[in-house]
Amino acid sequence: SQQGEEDPQALSIQEGENATMNCSYKTSINNLQWYRQNSGRGLVHLILIRSNEREKHSGRLRVTLDTSKKSSSLLITASRAADTASYFCATVDNTDKLIFGTGTRLQVFP
Amino acid sequence: EPEVTQTPSHQVTQMGQEVILRCVPISNHLYFYWYRQILGQKVEFLVSFYNNEISEKSEIFDDQFSVERPDGSNFTLKIRSTKLEDSAMYFCASSETGGFTEAFFGQGTRLTVV
C-alpha cells in the first residue's frame, strides 16, 4: 500500500532556526497533508496541498510538492520551543483515506 | 471551534475482553475513520465509514473489529476479544467531504491490554 517515508526521522535545532522535513510517497495522489502531534496527544491538521499545486504557505509554514519526484517538504521558519512535536505527512489518493508517513520528531531547544 | 471527542481517554482491559471505544464526530461531517498508533510507531489506517457502512478497511481490521454508528452522533469501534498487540492509541477522525478536505482528529483513547 502507499506509504509516506519521512526524512529525517529526528531533527534537533535551536529556537529561531528553520526546520525542514521531507516526505516521499509511492503512487499518484489527490492531495498531501501535514499533521502535527504533540507527545501522546491527537493529530492536528496543519496544511493541505493539492496535486496541482506546487507551494503553499500558512503563517510560518511553507509546503512544497513535487509530483514528478513524488515528494513534499515542510519548512517551519523561525522555530519556537513550542514547535517541538512529531510531524507527519499524509497522502490521499482516489480512495477515501489518509495514509500517514513515518513522521519526523522535531526538538526545538530554547 | 468544533472538535471530535473520544471517550474514554484511557482504557485498561484484560486480554480476551471486549472493549468499545467511543467517538463523537463533528456534527455536519459525513465521513468517519478510525486509526491506531502503536507507541512510537506510525499512524495506521483501520477503517473508513460513510452512509452507515464501511467504505474501506485495512488488513488490521479483521473479524475482531467492528464499527457502528448507533445513533446520529456516536461512532464506535468495538474489539471483540482483545489481544496484547491491540494495545495502542486509537484515534477517531471525521471529515466533511472525505479525504479531499482535512480530517479532524480526536485526542485519542489509549488502550492497554494486560
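If you read the protein sequences in the order shown, they are chains A and B.
Following the numbering used here from start to finish, the first sequence increments by one per residue and tops out at 381.
Following the numbering used here from start to finish, the second sequence increments by one per residue and tops out at 390.
Built from N, CA and C at the ideal position, the CB exists for glycine as well.
Taking 7 Å as the limit between beta carbons, can you name the residues of its chain near residue i, skipping five residues before and five after?
{"i": "G384 of chain B", "result": "Q282, M365, Y366, F367"}
{"i": "Q285 of chain A", "result": "F380"}
{"i": "K359 of chain B", "result": "M291, V389"}
Between residue i and chain A, is the shortest Cβ-Cβ distance under 8 Å, so that the two count as touching?
{"i": "V319 of chain B", "result": "yes"}
{"i": "S331 of chain B", "result": "yes"}
{"i": "G384 of chain B", "result": "yes"}
{"i": "T388 of chain B", "result": "no"}
From which residue to which residue does the beta strand (DSSP E) around residue i run?
{"i": "K333 of chain B", "result": "329-333"}
{"i": "R321 of chain A", "result": "314-321"}
{"i": "V288 of chain B", "result": "286-289"}
{"i": "S371 of chain B", "result": "364-371"}
{"i": "D278 of chain A", "result": "276-278"}
{"i": "R307 of chain A", "result": "302-308"}
{"i": "F344 of chain B", "result": "According to the sequence as given, residue 344 of chain B is Glu; it is not Phe. Where E344 of chain B is concerned, the enclosing beta strand (DSSP E) stretches over 341-344."}
Please compile the residues from chain B whose C-beta is within a distance smaller than 8 Å of the C-beta of residue i.
{"i": "I370 of chain A", "result": "F321"}
{"i": "L319 of chain A", "result": "T377, E378"}
Output needed for residue i: all residues of its chain with C-beta closer than 8 Å, excluding positions within five of it in sequence on either side, in chain order.
{"i": "E279 of chain B", "result": "I302, F380, G382"}
{"i": "S334 of chain B", "result": "E320, F321, L322, V323"}
{"i": "Q287 of chain B", "result": "V295, L297, T385, R386, L387, T388"}
{"i": "G287 of chain A", "result": "A349, S350"}
Run through the DSSP bridge pairs and tell me what residue i is partnered with.
{"i": "L344 of chain A", "result": "The sequence shown places Ser at residue 344 of chain A, rather than the Leu named in the question. Bridge partners of S344 of chain A: A:N293, A:T335."}
{"i": "Q282 of chain B", "result": "B:C299"}
{"i": "T388 of chain B", "result": "B:V288"}
{"i": "E326 of chain A", "result": "A:T335"}
{"i": "E320 of chain B", "result": "B:R312"}
{"i": "A356 of chain A", "result": "A:L377"}
{"i": "S357 of chain B", "result": "BP columns for S357 of chain B are empty, so no partner."}
{"i": "I457 of chain A", "result": "The question about residue 457 of chain A has no answer, for chain A in this structure spans 272 to 381."}
{"i": "A361 of chain A", "result": "A:Q304, A:F371"}
Consider the Cβ of residue i: report whether some Cβ of chain B lies at a distance smaller than 8 Å.
{"i": "L314 of chain A", "result": "yes"}
{"i": "Q359 of chain A", "result": "Correcting the residue identity first, residue 359 of chain A is Phe in this sequence and not Gln. Output row for F359 of chain A: interface = yes."}
{"i": "Q273 of chain A", "result": "With a pLDDT of only 46 at Q273 of chain A, under the threshold of 50, the placement of this residue in the model should not be trusted; the figure read from the coordinates follows. It does not; no Cβ of chain B falls within 8 Å."}
{"i": "L282 of chain A", "result": "no"}
Check the Cβ of residue i against every Cβ in chain A and list those closer than 8 Å, keeping chain order.
{"i": "E277 of chain B", "result": "Near E277 of chain B there are no residues of chain A at all, since even the closest Cβ is about 11 Å away, more than 8 Å."}
Using a Cβ-Cβ cutoff of less than 6 Å, which residues in the same chain neighbour residue i once the five nearest sequence positions on both sides are dropped?
{"i": "V294 of chain B", "result": "First, the amino acid is wrong: residue 294 of chain B is Glu here, not Val. Here the set comprises R356."}
{"i": "Y307 of chain B", "result": "Y326, S371, G374"}
{"i": "L297 of chain B", "result": "L353, Y366, T385"}
{"i": "S335 of chain A", "result": "Note that residue 335 of chain A corresponds to Thr in the displayed sequence, not to Ser. If we look at T335 of chain A and ignore the five residues flanking it on each side, its Cβ neighbours are E326, S344."}
{"i": "E344 of chain B", "result": "T352"}
{"i": "E329 of chain B", "result": "none"}
Which bits of chain A does residue i rub up against, with CB to CB less than 7 Å?
{"i": "S342 of chain B", "result": "Those within 7 Å of S342 of chain B in chain A number zero; the least Cβ separation is about 18 Å."}
{"i": "S324 of chain B", "result": "D367, K368"}
List the residues of chain B whose Cβ lies closer than 7 Å to the Cβ of residue i, in chain order.
{"i": "Q304 of chain A", "result": "E378"}
{"i": "G374 of chain A", "result": "K318"}
Cβ-based contacts, 9 Å cut-off: residues of the stretch 366-381 of chain B near chain C: Of the protein chains in this structure, namely A and B, none is chain C.
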